[in-house]
Amino acid sequence: MSHDEKTFEPLDVPVNPKDKEFCLSFDQKDVEGYKEFFDKYGFVVIRNVLTESEVDDTVDEIWNEAKPASRNDPNTWNSKYNWPGSDSIGIFGSSSCKGKFAIKNRIKPVMYEIYKNIIGRPDLWVSFDRFGVMKPTKQVTLANGTKRDFPEYKSKEKWLHWDMNPFKITDKDLNVEQSDGGESEMTEKDFSEMFFICERNGVVGGYKRVQGLVALTDATEEDGGFLTIPGFTNNLQQWSKFHQTTQVGKEISKTADFIKVPEGDPMNKQAKKITVRSGSLLIWDSRQPHCNFSNNSDKFRMVQYIKMFPARNEKDVKYAEFVRLRREKMNGYIERLKSESGDPLHLDNLSRKLLGLDSWY
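In UniProt numbering, the protein residues as written are 1 to 361.
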């Protein structure tokens, strides 16, 4: 029977019964609950992964990196004051966040436990990705107390995409390692900032690929946030097979690992806003088309992108040099932070394994 993607109906987003402004979220201990929700909807929100003080410390770290821009002066939130990053997509800076609190968030045990439960294996590395910042755009309070709109700070609307290629997915994509992303052939010069930001993007089989962010502010439907098509994970195989020979399929590169959903595709009208409370972890299946939606409020939307994925085993000759080089680079990040901040970090056994400084094997 032929399949037309128009027959797919996205699932409604369940809301929190006690806080209907936000998507349904789960307690960290409700493992079966959040795993079941993830499998059905393609994403899940786990609340209170960061404490209020951890959120505040991380936001302060963002503002410290934004200097000379001033937190209280919207007229400084631009390139004239060296504001890092791109307003068009809400990304902060061109390099991964390596501050003390960004690193502590990545290696927090509860973060690891959740990813371990979702992915289904314990031997994980954590990503070194960026912060996401979407500036206020409506009736923003100026330093002198007056208010004005900042349309120039608004990010672009709907740019649904995959950080992988839907046409590389096979029926066995979670069971067979199709590609190692070139890791076995990497040399020292390949370990760039962008490598760590995009590490393990693309289709690498053998495990459940996920992405995630931790919210540093509340994100309502007006504040900007995460947009996806609930339940599409379970439709991707049919969609990609149907479009192998259609015009949509012809417009999409069969080799790239970042794929934008074509403008005319019906799924652009099926995407829904996922609202989250500050301190919550939002994880989504990489097969979910996703993007940010624009900020139309007087408040910031801030997040830290964090994902985890299986470590490489240096006992495998194929990856021995890759693991050595990655460990060397990661150790350099940690030593630089210790030198600059005077904070020894006190990395425990789990933290060192998550960062790739010590082996899981």
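From the three backbone atoms N, C-alpha and C, an ideal C-beta is built for every residue, glycine too.
Around the beta carbon of His-243, 16 or more other beta carbons sit within 10 angstroms, so the residue counts as buried. Beta-bridge partners of Lys-260 (DSSP): His-161.
At a Cβ-Cβ threshold of 9 Å, Pro-84 and Thr-76 do not count as neighbours. Only residues of its own chain outside the window of five on either side were considered, and among them Phe-26, Tyr-34, Phe-37, Phe-38, Ile-283 have a CB closer than 7 Å to the CB of Val-44, listed in chain order. For Asn-349, the enclosing alpha helix (DSSP H) covers residues 349-355.
In this structure, Ser-96 is the residue among Lys-138, His-161, Gly-42, Ser-96 with its C-alpha nearest to the C-alpha of Phe-195. With the rule of 3 Cβ pairs closer than 8 Å, the segment 153-171 counts as touching the segment 254-268.
The Cβ-Cβ distance between Arg-287 and Leu-355 does not fall below 9 Å. In this structure, His-290 sits near Leu-160, with a CB-CB distance shorter than 9 Å.
Short of 8 Å from the beta carbon of Val-276, and not among the five residues preceding or following it, lie these beta carbons of its own chain, in chain order: Phe-22, Cys-23, Ser-25, Val-45, Ala-215, Asp-218, Ala-219, Gly-225, Phe-226, Leu-282. Spatial neighbours of Phe-131 in its own chain (CB-CB distance under 6 Å, excluding positions within 5 residues in sequence) are listed in chain order as Ile-62, Phe-92, Cys-97, Gln-304. Under the DSSP assignment, Phe-309 falls in the beta strand (DSSP E) whose first and last residues are 308-310.
With a 10 Å radius around the Cβ and a threshold of 16 neighbouring Cβ atoms, Asp-60 comes out exposed.
Per DSSP, Gln-247 is one residue of the alpha helix (DSSP H) stretching across 247-251. Positions of the alpha helix (DSSP H) runs, each at least 4 residues long and wholly inside the segment 96-137, are given as 100-106, 109-119 in order along the chain.
In the three-state reduction of the DSSP assignment, Ser-297 falls in the coil class.
In this structure, DSSP gives Gln-270 a state outside helix and strand, which the three-state scheme calls coil. DSSP, read as helix, strand or coil, puts Met-330 in helix.
Of the residues Lys-272, Arg-352, Val-248, the one whose Cα lies closest to the Cα of Thr-228 is Lys-272.
Contact between Lys-135 and Phe-293 does not hold, since the beta-carbon distance rounds to 14 Å and is not under 8 Å. Annotated three-state conformation of Leu-213 is strand, per DSSP. For Leu-282, the enclosing beta strand (DSSP E) begins and ends at 281-285.
When C-alpha distances from Val-31 are compared across Asp-57, Lys-100, Gly-120, Ala-66, the shortest belongs to Gly-120. In the three-state reduction of the DSSP assignment, Gln-28 falls in the coil class.
When C-alpha distances from Leu-50 are compared across Asp-129, Ile-306, Asp-343, the shortest belongs to Ile-306. In the three-state DSSP reduction, Ser-240 falls in the helix class (H, G or I). Assignment of Ser-86 by DSSP, reduced to helix, strand and coil, places it in the strand class.
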